Amino acid sequence: TALACVPGAPATARPATATPHVAAPRLVPEPSSVRAVPGVTFTLTRATRIVARPGSGTAGTYLAGILRRSTGYRLPVVAGGAAHDVISLALSGREQGEAYRLAVSRTSVRLEAGTAEGLFRGVQTLRQLLPPAVEASTVQRGPWTVPGVRVEDSPRFAWRGTMLDVARHFFTVGQVERYIDLAALYKINTLHLHLSDDQGWRIAIDGWPRLASYGGSTEVGGGKGGYYTQADYTRIVRYAAERYITVVPEIDGPGHTNAALASYARFNCDDKAPPLYTGTDVGFSSWCIAKPVTYELLDDVLGRLARLTPGPYLHIGGDEAHSTTAADYATYIGRIGPIVTAHGKKMAGWNEIGAGRLPAGSVAQYWNTATGSESGTRTVREAVAQGAKVVMSPANRAYLDMKYDENTRLGQDWAGLVEVRDAYDWDPASLVDGVTEKDVLGVEAPLWSETIVTDDDIDYMAFPRLPAIAEIGWSPRAARAWSDFRLRLAAQGPRWSALSVNYYRSPQVPWP
Ligand code: TNX
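Position one of the sequence shown corresponds to residue 34 (the UniProt record's numbering), numbered consecutively onward.
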């Protein structure tokens, strides 16, 4: 809007209720409603206390953990008391689910929500209202001011995810936890872990020890790979849960199964184990559809994961099964669905699963680049026709492993180059004919790791595109505009610097 061009005016598209020289808050994702309270600021001091009322879960201690490191203040978390110089977190009957409201006055910051999860989402907004240095891991100089503001907020979609491919390159528990914290700042609530692929099997399964010990022993490029013990996986699940993030584990099949096929000769139709694979081709492997052992294995694996995973979904992959006939593929989906259901979970899978018979409550994750009624949209429509919901991850918009431009050192370009604006400027409810708002469960940004090795690599590809996808998932359609988003994104740059996030300084964004 024109406002953004007026010096001294708030650089966002909101009404100019803020007093001059007090910039409107620059939040990502944009809340449903933000009203500035002119002339008011709250200042966090050495004496500030965090009042976390009963039922507020981890939100208070999580906030304290962040604020203590950078402010050096004690910031005790207490259950009640003082009305002044406090940040208070309380449950209220006015909101539900992830919704929250935040009110900043001269003497207090008041956060309320219907659930602990809602309070946790609200804490992320409060972090972004504080100066960027609040994100540092060492003590910084204040003042620690929060602009006077009233925020009312709730998410547009229930599933706001990111996927980490720990199969092509293995990432340690610590690396996954670091990524969880960065995602939490943008109100991501789902972590999809791609636990198996041709290049590696990454989770120990009782009774099938060679899956992890041999199938997990390498990765793309021939490095030493790795796998999670069940205790490791449980640590990740718990760490995510403390941030109100649901883990969705994926065991891919019938394609993308070479690491498992290499681990046990009897999984193969010809009883011969192929060698381990460290390249980046796709589509060459398949479970043996006719063999009972395939389903004995899947029952054990999915049963184990169901018991270790509190969330409602098991992701069964189903993508790019180019070495499985169409008839075998349909047979396979028809058999794996009831296995997932028998273990008390709902089935998620890539959009191809729409070609098979889906159990009630299934989720199809759309990764194709086709739009409208193009042929590549057929399977997701078939899934919707069976009552499935859709998570949108179109590769040319939502894939974090696509290069930004032709100079990007990391990543791939088979789905095109994906600059920040490409990642942001689309809508999940109007991409595919027959997949409308009511069919869309949410959005997800997958980070495939053929070229991704270090934390710096993860950061570079995820930031700033993960926040773009997170906003698509959270903010009301009407609140989203690229011209405004790029300014709010720019304000995140100093926060990422304080967090030591190696982000991509896109030329589309006016970084400070
Ligand atoms: C396609 S998209 C894949 C992955 C690759 C990715 C690389 C999909 C469901 N499968 O196996 O890692 O492209 O961009």
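All C-beta atoms, glycine included, are put in the ideal place defined by N, C-alpha and C.
Since the model is a prediction, treat every value here as computed from it, not as a measurement.
Just confirm the distance between the C-beta atoms of residue i and residue j, as a whole number of angstroms; I'd bet it's less than 8 Å.
{"i": "L335", "j": "V373", "result": "6 Å"}
{"i": "Y399", "j": "P427", "result": "6 Å"}
{"i": "D239", "j": "R299", "result": "No, D239 and R299 are not in contact; Cβ-Cβ is about 18 Å, not under 8 Å."}
{"i": "M494", "j": "I502", "result": "That pair is no contact at about 12 Å."}
{"i": "L443", "j": "D488", "result": "Between D488 and L443 the Cβ distance is about 13 Å, and since that is not below 8 Å, they are no contact."}
{"i": "G344", "j": "E283", "result": "That belief does not hold up - the Cβ atoms of G344 and E283 are roughly 12 Å apart, past 8 Å."}
{"i": "S170", "j": "S141", "result": "Their Cβ separation, rounded to whole angstroms, is 27 Å, which puts S170 and S141 out of contact at 8 Å."}
{"i": "M435", "j": "Q419", "result": "Between Q419 and M435 the Cβ distance is about 30 Å, and since that is not below 8 Å, they are no contact."}
{"i": "P180", "j": "P527", "result": "Contact flag wrong, Cβ pair sits at about 16 Å."}
{"i": "A135", "j": "L144", "result": "What sits at residue 135 in the sequence shown is Leu, not Ala. Correct: roughly 5 Å between the Cβ atoms."}
{"i": "G248", "j": "S296", "result": "4 Å"}
{"i": "T402", "j": "D466", "result": "The Cβ separation is near 15 Å, so there is no contact."}
For a test of the three-state rule: what should DSSP assign to residue i, helix, strand or coil?
{"i": "Q263", "result": "helix"}
{"i": "E477", "result": "strand"}
{"i": "P242", "result": "helix"}
{"i": "P282", "result": "strand"}
{"i": "residue 17", "result": "Residue coverage of the chain in this structure runs from 34 to 545, which leaves residue 17 outside it and unanswerable."}
{"i": "K422", "result": "strand"}
{"i": "A524", "result": "coil"}
{"i": "V110", "result": "strand"}
{"i": "P497", "result": "coil"}
{"i": "F317", "result": "coil"}
{"i": "A293", "result": "helix"}
{"i": "L144", "result": "strand"}
{"i": "R299", "result": "helix"}
{"i": "G72", "result": "strand"}
{"i": "W544", "result": "coil"}
{"i": "S395", "result": "coil"}
{"i": "I485", "result": "coil"}
{"i": "V61", "result": "coil"}
{"i": "R519", "result": "helix"}
{"i": "W234", "result": "strand"}
{"i": "R268", "result": "helix"}
{"i": "R134", "result": "strand"}
{"i": "S66", "result": "strand"}
Using a Cβ-Cβ cut-off of 6 Å (strictly less than) and excluding sequence neighbours within five positions of residue i, which residues of its own chain qualify?
{"i": "T91", "result": "E275"}
{"i": "G389", "result": "A363, I366 and G367"}
{"i": "V192", "result": "According to the sequence displayed, residue 192 carries Trp and not Val. Hits under 6 Å: T223, V424, L474 and G475."}
{"i": "G233", "result": "A200, G249, E252, G258 and A292"}
{"i": "K379", "result": "P345, Y346 and G394"}
{"i": "V326", "result": "R299"}
{"i": "A97", "result": "I83, L108 and V110"}
Classify residue i: buried if its beta carbon has 16 or more other beta carbons within 10 angstroms, exposed otherwise.
{"i": "Q129", "result": "exposed"}
{"i": "A511", "result": "exposed"}
{"i": "P64", "result": "buried"}
{"i": "N291", "result": "buried"}
{"i": "A323", "result": "exposed"}
{"i": "H117", "result": "exposed"}
{"i": "G114", "result": "exposed"}
{"i": "D438", "result": "exposed"}
{"i": "S539", "result": "buried"}
{"i": "A44", "result": "Its pLDDT being 38, under 50, A44 is placed unreliably by the model, and the measurement read from it follows with that caveat. When all chains shown are included, A44 counts as buried."}
{"i": "P545", "result": "exposed"}
{"i": "V172", "result": "exposed"}
{"i": "T412", "result": "buried"}
{"i": "S406", "result": "exposed"}
{"i": "C302", "result": "exposed"}
{"i": "N440", "result": "exposed"}
{"i": "W241", "result": "buried"}
{"i": "E470", "result": "exposed"}
{"i": "A415", "result": "In the sequence as presented, Ala is not what sits at residue 415; that position holds Glu. Buried: at least 16 other Cβ atoms inside 10 Å."}
{"i": "T94", "result": "exposed"}
With a CB to CB cut of under 7 Å and the five nearest residues on each side skipped, what residues in its chain are close to residue i?
{"i": "V39", "result": "Reliability fails at V39, whose pLDDT of 33 lies under 50, so the model's placement of it is uncertain and the value that follows must be treated cautiously. Contacts found: none."}
{"i": "I369", "result": "L331 and I349"}
{"i": "V534", "result": "L215, D492 and F496"}
{"i": "Q263", "result": "A237 and L341"}
{"i": "S319", "result": "P287, G288, T290, A354, S356 and T357"}
{"i": "R243", "result": "S296 and Y297"}
{"i": "Y212", "result": "L197 and I491"}
Given residue i, which residues of its chain have a CB within under 8 Å of its CB, disregarding the five upstream and five downstream residues?
{"i": "V73", "result": "V137, S138, R139, P180 and G181"}
{"i": "K305", "result": "A298"}
{"i": "E385", "result": "G351, D352, E353, A354, Y362 and T412"}
{"i": "R101", "result": "R107 and L108"}
*Which ranges would you report for the beta strand (DSSP E) in the stretch 149-232 if only whole runs of at least 3 residues count?*
List check, beta strand (DSSP E) in window: 177-186, 192-198 and 223-227.
- Which runs of the beta strand (DSSP E), 3 residues or longer, sit entirely within the stretch 327-385? 346-350 and 379-383, all fully within the stretch 327-385.
Query raised in the report: Quick one: complete beta strand (DSSP E) runs, 3+ long, within the stretch 405-473?
Result: Listed in chain order, the beta strand (DSSP E) elements of length 3 or more contained wholly in the stretch 405-473 are 422-425.
- Item | 3 or more residues per run - each beta strand (DSSP E) lying fully within the stretch 82-128 | Fully contained in the stretch 82-128 are the following beta strand (DSSP E) runs of length 3 or more, in chain order: 82-85 and 119-124.
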